[in-house]
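What follows is a short report on a single structure.
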Amino acid sequence: PKPLLAWRLPLSLFHPAAVFAQVANNLVIGGTFVMVNHSAAEAEVARGIAEDVGLVCAGHYLYEAHLRPRIADPVLTIWHHG
Numbered sequence: 001p002k003p004l005l006a007w008r009l010p011l012s013l014f015h016p017a018a019v020f021a022q023v024a025n026n027l028v029i030g031g032t033f034v035m036v037n038h039s040a041a042e043a044e045v046a047r048g049i050a051e052d053v054g055l056v057c058a059g060h061y062l063y064e065a066h067l068r069p070r071i072a073d074p075v076l077t078i079w080h081h082g
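Residue 82, in this note's numbering, is where the sequence shown stops; the numbers in between run on with no holes.
Okay, structure coming up:
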C-alpha cells in the first residue's frame, strides 16, 4: 500500500482481491488481461491474488532495458480465464 499512502489515499480503498475478482468477472471467455507490476516481488503478490480468482498466467516478461534509472525491473504478465 505504499503508493496509496504516498498519494494520501485511505487504506480502506485498498482491496486488491476485490479488484482482481472484478477483472476476472469482466473478462470475456477468450479475453486477455495484461498487467504491469513495478517489480518481481509485486508481480508475485499479484500472481497469487490473480490465481485465487481463477485467472491463469499465459506468460510474463521482465523488462530489463530501462529508459530511466529504476529500483526494480517492471514485470508484464498476460492472463486468461482458467
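In this text, a Cβ means the ideal position worked out from N, Cα and C, and glycines have one as well.
Reducing DSSP to helix, strand and coil, say where residue i ends up.
i     : result
Leu76 : strand
Phe33 : strand
Ile65 : In the sequence under discussion, the amino acid at residue 65 is Ala, which differs from the Ile named in the question. Coil at Ala65, not helix or strand.
Val45 : helix
Leu13 : helix
Val19 : helix
Leu55 : strand
Mind reading off the beta-carbon distance from residue i to residue j? Whole number of angstroms is fine, and I expect it under 8 Å.
i     : j     : result
Ala21 : Met35 : So it is not a contact: roughly 14 Å between Cβ atoms.
Ala72 : Ala40 : 7 Å
Starting from the Cα of residue i, find the closest Cα among the options and give me that residue.
i     : options                    : result
Gly82 : Pro74, Glu64, His66, Asp52 : Asp52
Val23 : Pro69, Gly54, Leu62        : Gly54
Glu64 : Ala58, Val56, Pro74, Cys57 : Pro74
His80 : Asn25, Ala18, Pro16, Ala72 : Asn25
Phe33 : His60, Ile71, Ala40, Pro10 : His60
Ala58 : Leu11, Arg8, Thr77         : Thr77
Gly30 : Ala43, His15, Val56        : Val56
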